[in-house]
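Peer 1:
Residue numbers (mature numbering (1 follows the signal peptide of the UniProt record, and there is no 0)): -19 to -1, 1 to 297.
1. So, helix, strand or coil for residue 156, using DSSP?
2. Which ranges does the beta strand (DSSP E) cover as unbroken runs of at least 3 residues, wholly within the segment 112 to 173, from first to last along the chain?
3. Report, in whole angstroms, the separation of the C-beta atoms of residue 4 and residue 44, which I expect to be a contact under 8 Å.
4. For residue 97, which residues from the same chain have a beta carbon less than 7 Å from its beta carbon, with the 5 sequence-adjacent residues on both sides left out?
5. Look at residue 114 and residue 76 and say whether their C-beta atoms are less than 8 Å apart.
6. Taking its Cβ as the centre, do 16 or more other Cβ atoms sit within 10 Å of residue 163, making it buried, or is it exposed?
7. Under a Cβ-count criterion, where at least 16 other Cβ atoms within 10 Å of its own Cβ denotes burial, should residue 22 be classed as buried or exposed?
8. Would you tell me roughly how many angstroms separate the C-alpha atoms of residue 55 and residue 11, rounded to the nearest one?
9. Is the beta carbon of residue 92 less than 8 Å from the beta carbon of residue 99?
10. Grouping DSSP H, G and I as helix and E and B as strand, with all else coil, what is residue 298?
11. Opposite residue 103 in the DSSP bridges: which residues?
12. So what does DSSP say about residue 77, is it helix, strand or coil?
13. Residue 17 and residue 32: beta carbons closer than 8 Å?
14. I need the straight-line Cα distance from residue 160 to residue 140, nearest angstrom please.
15. Assuming residue 62 is part of the beta strand (DSSP E), what are its boundary residues?
16. Can you say whether residue 129 is buried or exposed, counting buried as having 16 or more other CB atoms within 10 angstroms of its CB?
17. Starting from residue 52, follow its DSSP beta bridges and name the residues at the other end.
18. Find out if the Cβ-Cβ distance for the pair residue 28, residue 20 is shorter than 8 Å.
19. Go ahead and label residue 148 buried or exposed: buried means 16 or more other beta carbons lie within 10 angstroms of its beta carbon, across all protein chains shown.
20. Identify, in the order they occur along the chain, each residue of the same chain with its Cβ nearer than 6 Å to the Cβ of residue 42, setting aside the five sequence neighbours on each side.
21. Flag this pair as yes or no: are the beta carbons of residue 80 and residue 60 separated by less than 8 Å?
22. Comparing alpha-carbon positions, which option in 123, 89, 38 and 95 lies nearest residue 298?
23. Go ahead and pull the three-state DSSP assignment for residue 70.
24. Can you list, in chain order, the residues of its chain whose CB lies under 6 Å from that of residue 123, leaving out five sequence neighbours each side?
25. Of all the options 143, 82 and 62, which has the alpha carbon lying nearest to the alpha carbon of residue 73?
26. Using DSSP with H/G/I as helix, E/B as strand and the rest coil, what is residue 97?
27. Are the beta-carbon atoms of residue 53 and residue 173 separated by less than 8 Å?
28. Once the 5 residues before and after residue 106 are set aside, which same chain residues still bring their CB inside 7 Å of it?
29. Is DSSP giving residue 28 helix, strand or coil here?
30. Does the CB of residue 87 have a neighbour CB from chain E at under 8 Å?
31. What did DSSP end up calling residue 6 once you bin it into helix, strand or coil?
32. So who's on the other strand from residue 34, going by DSSP bridges?
33. Does the distance from the C-beta atom of residue 152 to that of residue 142 stay below 8 Å?
Rendered as structure tokens:
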């Protein structure tokens, strides 16, 4: 909320008319774009207040003023342009979570923001900035290059400040300027994307037309480095191959028949063997005769009853 409010203030202060000028372009195949934009030859022209969210690949924004901004995989970046006195439109970049890499000629009117911190340039100069914000607020900043401008960093409430010189690489734990890890060694930019070998390229092209083998984007473009850096959620682990799985199937019945979920009674085992049948042959015959049910008398129909009636009258 604080970031969006400052974006609005930045836009009003720099002039609404100039804010509608194009900021840059980005390929629509690598990012989801929200806001004012135009599509031309597969690239989105960013106009005014725009949000670019990279998919499973890094999305590169080509700035109209010169330079590029690389939005790392699964990261979201808000861009707003204003009106500058010298003709160069000032740019404000707001990163909620994820990582970006900025390479441009920065001015003192430019601004970079995170949910906890605000970055401004003390002077004009070539900016090569790598910035990463994790889920818990840890903010990694690397001001690359010997000629990079000094960055003035302040928290959103103005209670603390920090000066980041050219070539410095630090980590602000939980986004706090009072908890600084100097000489940070972890990368602040985009995680390296897996390189595809010639053999993999030939294999993928040969299997491109194979039906019945759908693959998700995560399978086609594995990106474990983004997960470890906190840029993407961890996938649900799959069961190991060969593991046994239990499957229960039950049918619900609404009639008077027994419930199908109840196990049927066990069938009695057959006890007749060749030895027992030979030894008990005489007894089995008698038992069979005794246990045999009595023959049911045949049922007679209506015609038979009429016949018996006439036989009783006339005699036979």
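Virtual Cβ for every residue (Gly too), placed ideally from N, Cα, C. Predicted, not measured: the structure shown is a model, and the values here were computed from it.
Peer 2: Looking at the coordinates:
1. In the three-state scheme derived from DSSP, where H, G and I count as helix and E and B as strand, residue 156 is classed as helix.
2. 120 to 125, 132 to 136, 142 to 145 and 150 to 153
3. Contact between residue 4 and residue 44 holds, since their C-beta atoms are separated by about 7 Å, short of 8 Å.
4. 118, 120, 136, 137 and 156
5. yes
6. exposed
7. exposed
8. For residue 55 and residue 11, the distance between alpha carbons rounds to 10 Å.
9. Cβ distance < 8 Å, so residue 92 and residue 99 count as in contact.
10. With the chain represented from -19 up to 297, any question about residue 298 goes unanswered, as that position is not in the structure.
11. When DSSP reads this structure, residue 103 sits in no beta bridge, so it has no partner.
12. Coil.
13. no
14. 14 Å
15. 57 to 62
16. buried
17. 40 and 81
18. no
19. Around the beta carbon of residue 148, fewer than 16 other beta carbons lie within 10 angstroms, which makes this residue exposed.
20. If the five residues before and after residue 42 are omitted, its C-beta is found closer than 6 Å to the C-beta atoms of 5, 7 and 50, all from its own chain and listed in chain order.
21. no
22. The structure shown does not extend to residue 298, since the chain is modelled only from -19 to 297, so the question has no answer here.
23. Three-state result, residue 70: coil.
24. 111, 150 and 169
25. 62
26. coil
27. no
28. 87, 128, 129 and 130
29. strand
30. In the structure shown, chain E cannot be found, because there is only a single protein chain.
31. Reduced to three states, the DSSP call for residue 6 is strand.
32. 13 and 57
33. No, the pair does not count as a contact, with Cβ atoms beyond the cut-off.
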